[in-house]
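Student:
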């Protein structure tokens, strides 16, 4: 599974502690567990002058630690979104077509950054509904299709939380009509954790449907299940992460499924949560 860490700060900051400096940081997760490496690319996105800026590589972060740390150090911003990629392949494509800059996250457009953890099995069906946005897809992965679906919903509804909810609703609606094409699948996705960032906000959908009997554990936090987004509000910042990004107390689990909306308002961070009924 991919790994994601996002930070919203009252003042511009680099946030190296949770990105690359500590033993549970995002970078530490990259090579923490043999057989679960995130070796298919990495990226660090932030905002400068209100516009998204992304530094990324299709290589393994655990083997490019210097470049990752430099990217984290230079991401001085109120909002930062970083991603480690373990490529999903719902279409059974050759590996060579899955790895490359176009497939590496975070994605950016229209003043937003986006990252996804999970697998969308009905990628082609959702892409067929993108309309003009389909022509903007550059890579071969399901996450980019989800990105442009989110942009489509943003343009339609204007609100990031509504956009992510409507994206989920569209996926579930489409699944009703196409599930017979996927006799081995019970659901249209395996994990749908979506992170959407603007220059002054973070919106996070936590939805990592788990198998009966429990799924895999988190990489570096015993007792924390993979796919359950962690969050913590501190003095001057809020952090959302695939799992706790340090060993300090205060990490909480997002409900599944739910949407978190964190915004800067009047020099303070305001966070709201909304449960989703499927």
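Numbering (this note's numbering), first residue to last: 183 to 460. Every residue gets a Cβ at the ideal spot worked out from N, C-alpha and C, and that includes glycine.
Going by beta carbon distance, what residues of the same chain come within less than 8 Å of residue 188, once the five residues before and after it are set aside?
Tutor: Here residue 188 refers to the residue found at position 6 of the chain shown. Contacts found: 261, 262, 263, 264, 297, 377, 379, 384, 386, 421, 422, 423.
Student: Which residue marks the beginning of the alpha helix (DSSP H) containing residue 360, and which one marks its end?
Tutor: The residue given as residue 360 occupies position 178 in the chain shown. Counting along the chain, the alpha helix (DSSP H) containing residue 360 begins and ends at 342 to 360.
Student: What whole-angstrom Cβ distance do residue 440 and residue 454 have, given they're in contact under 8 Å?
Tutor: Working through the chain shown from its first residue, we reach residue 440 at position 258. Working through the chain shown from its first residue, we reach residue 454 at position 272. Not really, about 10 Å apart at Cβ, beyond 8 Å.
Student: Is it a yes or a no for the region 318 to 325 touching the region 345 to 362, going by three-plus beta-carbon pairs under 8 Å?
Tutor: The region 318 to 325, when compared against the region 345 to 362, does not touch it at the 8 Å Cβ threshold.
Student: Any contact between the region 238 to 257 and the region 191 to 207? By contact I mean 3 or more CB pairs, one from each, below 8 Å.
Tutor: The region 238 to 257 vs the region 191 to 207: in contact.
Student: If we call anything under 8 Å between Cβ atoms a contact, is residue 427 one with residue 237?
Tutor: As a first step, residue 427 must be located in the chain shown, where it is residue number 245. As a first step, residue 237 must be located in the chain shown, where it is residue number 55. No, these two residues do not count as a Cβ contact at 8 Å.
Student: Rounded to the nearest angstrom, what separates residue 290 and residue 399 at their Cα positions?
Tutor: Mapped onto the chain shown, residue 290 falls at position 108. Mapped onto the chain shown, residue 399 falls at position 217. Spanning the two alpha carbons is a distance of roughly 30 Å.
Student: Verify whether the separation of the beta carbon atoms of residue 292 and residue 327 is less than 8 Å.
Tutor: For the purposes of this step, residue 292 is taken as the residue at position 110 of the chain shown. For the purposes of this step, residue 327 is taken as the residue at position 145 of the chain shown. No. Outside cutoff.
Student: Counting only the same chain and skipping the five closest in sequence on each side, list residues whose C-beta sits under 7 Å from that of residue 266.
Tutor: In the chain shown, the residue the question calls residue 266 occupies position 84. Excluding residues within five positions, the ones whose Cβ falls inside 7 Å are 184, 185, 208, 211, 212, 220, 224, 243.
Student: Please state whether DSSP places residue 299 in a helix, a strand or coil.
Tutor: For the purposes of this step, residue 299 is taken as the residue at position 117 of the chain shown. It is a strand residue.
Student: If you run the structure through DSSP and keep just helix, strand and coil, what is residue 184?
Tutor: Sequence index remark: in the chain shown, residue 184 carries index 2 (1-based). Residue 184 falls in the coil class under three-state DSSP.
Student: Give the C-beta separation of residue 227 and residue 288 to the nearest angstrom, bearing in mind that I take them to be a contact with Cβ-Cβ under 8 Å.
Tutor: Here residue 227 refers to the residue found at position 45 when the chain shown is read from its first residue. Here residue 288 refers to the residue found at position 106 when the chain shown is read from its first residue. About 4 Å separates the two Cβ atoms, so the contact holds.
Student: So which of 342, 305, 382, 359 has the shortest CA-CA distance to residue 450?
Tutor: Looking up residue 450 in the chain shown gives position 268. Of the listed residues, the one whose Cα sits closest to residue 450 is 382.
Student: Please report the distance separating the alpha-carbon of residue 239 from that of residue 269.
Tutor: As a first step, residue 239 must be located in the chain shown, where it is residue number 57. As a first step, residue 269 must be located in the chain shown, where it is residue number 87. Going from the Cα of residue 239 to the Cα of residue 269 covers about 13 Å.
Student: Mark residue 410 as exposed unless 16 or more other C-beta atoms lie within 10 angstroms of its C-beta, in which case mark it buried.
Tutor: Looking up residue 410 in the chain shown gives position 228. Buried, since its Cβ has 16 or more Cβ neighbours within 10 Å.
Student: Among 435, 325, 230, which residue has its Cα nearest to the Cα of residue 280?
Tutor: Taking the chain shown and counting its residues from 1, the one referred to as residue 280 is at position 98. For the residues 435, 325, 230, the minimum Cα distance to residue 280 belongs to 325.
Student: For a test of the three-state rule: what should DSSP assign to residue 220, helix, strand or coil?
Tutor: What you label residue 220 is simply residue 38 of the chain shown in a count that begins at 1. Three-state DSSP puts residue 220 in coil, outside helix and strand.
Student: Going by DSSP in three states, residue 407 sits in which element: helix, strand or coil?
Tutor: Taking the chain shown and counting its residues from 1, the one referred to as residue 407 is at position 225. Looking at residue 407 - three-state DSSP - the assignment turns out to be strand.
Student: By the three-class DSSP mapping on this structure, what secondary structure does residue 226 have?
Tutor: For the purposes of this step, residue 226 is taken as residue 44 along the chain shown, with counting starting at 1. In this structure, residue 226 counts as strand in the three-state DSSP scheme.
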